[in-house]
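Undergrad: One structure, as structure tokens, below. Some questions next.
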Amino acid sequence: MGDLRARLGGHLHLLRAQARSQASYRVSFAIDLITNVSGTALDVTTVFVLFTVTESIGGFRLPESLVMVGFGLLAFNLADLTVGNIERIRQYVRTGLMDAVLIRPLGPLGQLLAMDLPLRKASRCVLAASVLVVALARADIDWTPARLLLAVATPIAGTVFFGSIFVGTASVAFWWIESGEFGSAFTYGGRDFTSYPITVYGGWFRAVFAYGLGFGFVAYQPALALFGRADPLGLPAWAGWAAPLVCVPAALAAGLVWRTGIRHYRSTGS
Amino acid sequence: MAGAFTNTVFGFLRCYLFLAVAGGAIAGGYTPQQLASYVWAAQGLLAVVLLWSPPELADRIRTGEVVSDLLRPVDPVHSMLAADLGRAWHALLTRCFPPVLAGLLFFDLYIPVRWHTPPLFAISVVLAVVITFCCRFLVNSTAYWLLDVRGPVSLWALGSGVVAGLYFPLRFLPEPALVTLWLLTPLPSLFQAPLDVLVEVDSTPVQLGIVALQAVWAVIMLLLCHAVQRRAERRLVIQGG
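Protein chains in written order, with my numbering: chain A, 1 to 270; chain B, 1001 to 1241.
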């Protein structure tokens, strides 16, 4: 117990130091904060721009699309807030900074997450949550207790899922030092994928992302269950409730990859 | 390798999305084939017309290493631009083709038919590289005044992709917004311009006009970089660097 408290104290100390260091460059911090909010605002604006050109995208109108955008963005931003910093691991492995992280008597995952104060990312989560709430209120949904539960559970499951993708793809850096932006294809790519109905995509590409990796269950299938619409792609109605079934194995797999990676880590010697 | 893979995945995402938006008809003045070419050429150009790069110059400014650059007998803006053109050429040979090839394999792309489009496109890309270099130089140079450039860098990362025509063709926007962007900012010159030239969405005189406008912006931005550099050098002297 005392050990746990000491470790938590260590992480809190790192976080506080980060907060002080960032707040000391005030102008830059302010711009950064504004940028973080505008990033999400812009993702939503993009959807509005696309709907100025067309009435429906992939068979869905604007209010319905915004529900999916809300689910996708909130889950992605929450995951980015909690574990997104793990993306930096590729720089740490390449520059040898990972050695320093592993030498300290704190869990490596926790340290990496505390390396950068994620508070400015919290602003994005607030905006994404507002978009989702407004979209849910405006969309034509026949509310039942079960659907209310689904609306709450979906972003949580999505966060776990995106978090797993963040950890899993970042761990690749342990084996493949020059992994570069490889992870972005699945983290940011996954965010873009979940923001639109998967009827938009086609062929094997949709099969891999939606069903193979499981991105279809982050926003699209739950949204269908909320609207009470049948899946044009033929999945049964219970698929809308399958998000937890997808996110738990994803989290387990990501944890396994991470632990194997840490054990596999070989310093670059620099 | 990793970068080309990621650009290709985003190519699929954007291409499917725009085709769904167009729904088989003309959207924003583009046919579905032109839209597909627009997306895949953009993904290919992404590493050439580099919007996002680590703020190396800003780091050199913060640590003071930049002083050694200033001691060299060449103009720092010119030497950095030359290095960046070399980088762009290397990216063109290594990073450009995988996404474009994927696009050709999996989608029905529009192939330019006018004889003058390829050379005009080449000039347009070179001008775009020069203008993005200037933009990144200016963003990094804010370090002379702010020291921590995280804010300006993320502001640039955020705004540039959208206003340059990467996330969606700017012709999807209402006309007044489009004209304002073209005339008041250099950003549409980065992606929208070369891509519009490539997919031949306009008549030949308009194609020429787009490239001419890019050239004007390239000159303005280079002059701006020189002006900022001179101010920054004076500031360094004051700080005692």
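Where a beta carbon is used, it is the ideal one built from N, C-alpha and C, also for glycine.
Predicted model only: the values in this text are computed from it and were never measured.
What alpha helix (DSSP H) runs, 4 residues minimum, are completely inside the stretch 1178-1218 of chain B?
TA: Counting only runs of 4 or more, we get 1192-1198.
Undergrad: Using a 10 Å radius around the Cβ and a threshold of 16 neighbouring Cβ atoms, would you call GLY1241(B) buried or exposed?
TA: For GLY1241(B), the predicted structure reports a pLDDT of 47, less than 50, and the residue's modelled location is therefore unreliable. A value from the coordinates is still provided. It counts as exposed.
Undergrad: What are the boundary residues of the alpha helix (DSSP H) that includes TRP1156(B)?
TA: Per DSSP, TRP1156(B) belongs to the alpha helix (DSSP H) from 1150-1163.
Undergrad: What is the DSSP secondary structure of VAL1228(B), counted as helix, strand or coil?
TA: The answer is helix: DSSP assigns VAL1228(B) an H, G or I state.
Undergrad: Check whether the Cβ of ALA153(A) lies closer than 7 Å to any Cβ atom in chain B.
TA: No, ALA153(A) lies away from the interface with chain B (no Cβ there is under 7 Å from its Cβ).
Undergrad: Tell me the start and end of each unbroken alpha helix (DSSP H) in the stretch 82-131 of chain A that is at least 4 residues and wholly inside, in chain order.
TA: Those alpha helix (DSSP H) runs which fall completely within the stretch 82-131 of chain A and span 4+ residues are 89-95, 97-103, 108-114.
Undergrad: So with CB distances below 9 Å, who are the chain B contacts of GLY96(A)?
TA: Here the premise fails: no neighbours, minimum Cβ distance about 17 Å.
Undergrad: Should VAL44(A) and VAL131(A) be called a contact, given that it needs their Cβ atoms to be closer than 7 Å?
TA: Yes. Within cutoff.
Undergrad: Counting only the same chain and skipping the five closest in sequence on each side, list residues whose C-beta sits under 6 Å from that of PHE60(A).
TA: If we look at PHE60(A) and ignore the five residues flanking it on each side, its Cβ neighbours are PRO197.
Undergrad: So the candidates are VAL1113(B), ALA1128(B), PHE1107(B), PRO1118(B); which of them puts its Cα closest to the Cα of ALA1088(B)?
TA: Per the Cα distances, ALA1128(B).
Undergrad: Just the Cα atoms here: how many angstroms apart are VAL1009(B) and CYS1015(B)?
TA: One C-alpha to the other measures close to 10 Å.
Undergrad: If we ignore side chains and look at the alpha-carbon of each, how far apart do MET68(A) and LEU235(A) end up?
TA: So the two alpha carbons sit approximately 17 Å from each other.
Undergrad: Within a Cβ cutoff of 8 Å, which residues of the same chain sit near VAL1039(B), ignoring the five residues on either side of it in sequence?
TA: The answer, listed in chain order, is GLY1011, ARG1014, CYS1015, PHE1018, GLY1103.
Undergrad: By alpha-carbon positions, which one of PRO1099(B), VAL1219(B), TRP1182(B), LEU1173(B) ends up nearest to VAL1126(B)?
TA: Per the Cα distances, VAL1219(B).
Undergrad: Taking ASP1084(B) as the reference, give the member of GLY1064(B), ALA1143(B), ARG1136(B) with the closest Cα.
TA: Nearest option by C-alpha distance: ARG1136(B).
Undergrad: What in chain A is Cβ-close to ALA1020(B), meaning under 7 Å?
TA: Chain A residues near ALA1020(B): ILE57, GLY58, VAL200.
Undergrad: How many angstroms separate the CA atom of LEU1187(B) from the CA atom of LEU256(A)?
TA: Cα-Cα distance, rounded: 44 Å.
Undergrad: Over the uninterrupted alpha helix (DSSP H) stretch that includes PHE193(A), give me the two end residues.
TA: Here the alpha helix (DSSP H) through PHE193(A) covers 188-194.
Undergrad: Three-state secondary structure (DSSP) at ALA1027(B)?
TA: Reduced to three states, the DSSP call for ALA1027(B) is strand.
Undergrad: Say whether chain A places a C-beta atom closer than 7 Å to the C-beta of GLY1241(B).
TA: Caution applies to GLY1241(B), whose pLDDT of 47 falls short of 50 and renders its modelled position unreliable; the value that the coordinates give is listed next. It does not; no Cβ of chain A falls within 7 Å.
Undergrad: Are the Cβ atoms of SER184(A) and GLY261(A) separated by less than 7 Å?
TA: Against a cut-off of 7 Å, the Cβ pair of GLY261(A) and SER184(A) comes out as no contact.
Undergrad: Within the same chain, show all residues whose beta-carbon is closer than 7 Å to that of GLY1003(B), passing over the 5 residues directly before and after it, in chain order.
TA: The residues are ALA1047, ARG1095.
Undergrad: Could you give the distance in angstroms between the alpha-carbon of LEU1236(B) and the alpha-carbon of TYR1144(B)?
TA: Taking the straight line joining both Cα atoms gives about 8 Å.
Undergrad: Using C-beta distances below 6 Å, list every residue in its chain close to LEU78(A), excluding the 5 sequence neighbours before and after it, in chain order.
TA: CYS125, THR159, listed in sequence order.
Undergrad: Specify whether the stretch 1050-1061 of chain B and the stretch 1143-1162 of chain B touch according to this definition: at least 3 beta carbon pairs, one from each stretch, less than 8 Å apart.
TA: Contact holds: three or more Cβ-Cβ distances are below 8 Å.
Undergrad: List the residues of chain B whose Cβ lies closer than 8 Å to the Cβ of ALA219(A), in chain order.
TA: Within chain B, no residue comes near ALA219(A); the closest Cβ sits about 14 Å away, beyond 8 Å.
Undergrad: Does PHE48(A) get closer than 7 Å to chain B when you measure Cβ to Cβ?
TA: PHE48(A) does not count as touching chain B.
Undergrad: Could you tell me whether any Cβ in chain B is nearer than 7 Å to the Cβ of ALA75(A)?
TA: Chain B contact via Cβ: absent.
Undergrad: Determine the chain A residues that contact ALA1041(B) at a beta-carbon separation under 7 Å, and present them in chain order.
TA: By Cβ distance, chain A contributes nothing, its closest Cβ being about 19 Å from ALA1041(B), past 7 Å.
Undergrad: Can you tell me whether PHE162(A) is buried or exposed, with buried defined as 16 or more other CB within 10 angstroms of its CB?
TA: Flag for PHE162(A) reads buried.
Undergrad: If the criterion is Cβ atoms closer than 7 Å, does the pair SER164(A) and ALA75(A) meet it?
TA: Result no, Cβ atoms of SER164(A) and ALA75(A) do not sit closer than 7 Å.
Undergrad: Could you name the residues of chain A that VAL1009(B) contacts, counting a contact when the two beta carbons are closer than 7 Å?
TA: Simply ALA185, GLY189.
Undergrad: Under 7 Å between the Cβ atoms of ALA254(A) and GLY190(A)?
TA: Cβ distance not < 7 Å, so ALA254(A) and GLY190(A) don't count as in contact.
Undergrad: Among the residues of its own chain, which have a CB less than 7 Å from the CB of THR154(A), if the five just before and after it don't count?
TA: Correct list, in chain order: PHE71, PRO222, ALA243.
Undergrad: Do ARG1124(B) and VAL1211(B) have their CB atoms nearer than 7 Å?
TA: Per the sequence shown, residue 1124(B) should be read as Ser rather than Arg. Taking 7 Å as the Cβ cut-off, SER1124(B) and VAL1211(B) qualify as a contacting pair.
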